[in-house]
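Student: Residue numbering for the sequence shown follows this note's numbering, starting at 1 and increasing by one per position.
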Amino acid sequence: MSYSSAISACGRGEQWERALALLGEMWKAKLEPGVVSYSAAISACGKGEQWERALVLLSEMWKAKLEPGVVSYSIAISACGKGEQWERALALLSEMREAKLKPDVMSYSAAISACGKGEQWQRALALLGEMWKAKLEPGVVCYSAGISACGKGEQWQRALALLSEMREARLEPNVSPTVLELVLVRKAGSGSGPCRCSATCGRRSWCRT
1 MSYSSAISAC GRGEQWERAL ALLGEMWKAK LEPGVVSYSA AISACGKGEQ
51 WERALVLLSE MWKAKLEPGV VSYSIAISAC GKGEQWERAL ALLSEMREAK
101 LKPDVMSYSA AISACGKGEQ WQRALALLGE MWKAKLEPGV VCYSAGISAC
151 GKGEQWQRAL ALLSEMREAR LEPNVSPTVL ELVLVRKAGS GSGPCRCSAT
201 CGRRSWCRT
């Protein structure tokens with residue numbers, strides 16, 4: 001088994017400490033870890049809710065001139081989301097663009113999930129809008145995170161509109177039963193107020209004035 005495979009296995013088993021130990025072993029053996037090995041280690045840290053270590057690894061990649069790609073950044077964004085660090089997640093998304101990397105569905109899903117956990121409904125919807133402008137179709141994770149964020153922010157009209165859009169796309173929401181129940185029982189007249197997302201929202205049905 002290669003080091004990269006072993007590190008990935010540690011991640012799946014939520015053994016982030018062992019994953020980092022293996023990465024260290026590679027350096028000691030003068031086997032320079034590549035992008036795959038680092039990405040696997042970042043993922044292991046994310047699953048172990050070690051977002052700070054995940055960011056350190058991402059920084060190490062740049063120092064080693066490995067140039068993290070979309071996958072590496074997406075995994076790091078996910079790690080920040082799991083650690084409820086939505087601001088850092090969005091900072092990484094911006095860093096991707098500065099590095100001339102185009103965020104994909106995985107990147108946006110991770111960032112929207114981070115915003116959802118941080119109850120940042122406006123930012124979550126802005127990111128959904130950005131996806132549509134980039135011609136990236138949101139999946140279950142993106143929509144569910146948006147619904148959850150809107151529900152926590154008592155933006156019932158927007159949450160209902162997102163739920164309706166999901167069903168039209170034949171997607172089943174994956175949100176907590178409590179949030180989903182609250183969304184379903186609220187009437188559209190609850191009053192969601194004017195749109196404050198951003199110009200990138202696209203003014204879809206869940207983002208109207």
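Quick reminder that beta carbons are idealized off the backbone N, C-alpha and C, glycines included.
1) Assuming Ser74 and Met26 make a contact with CB atoms under 8 angstroms, what is their CB distance in whole Å?
2) I need the DSSP call for Ser2, collapsed to helix, strand or coil.
3) By the three-class DSSP mapping on this structure, what secondary structure does Gly153 have?
4) Would you call Ala126 buried or exposed, if buried means 16 or more other Cβ atoms sit within 10 Å of its Cβ?
5) Where in the stretch 121-165 do unbroken runs of the alpha helix (DSSP H), each at least 4 residues long, occur, reported from the N-terminal end onward?
6) Using the Cα positions of Leu93 and Ala29, report the straight-line distance between them to the nearest angstrom.
7) By DSSP, does Glu172 sit in helix, in strand, or in coil?
Tutor: In this structure, then:
1) No, Ser74 and Met26 are not in contact; Cβ-Cβ is about 23 angstroms, not under 8 angstroms.
2) coil
3) DSSP places Gly153 in the coil class of the three-state scheme, outside both helix and strand.
4) buried
5) 121-133 and 140-152
6) Distance between the alpha carbons of Leu93 and Ala29 is about 34 angstroms.
7) coil
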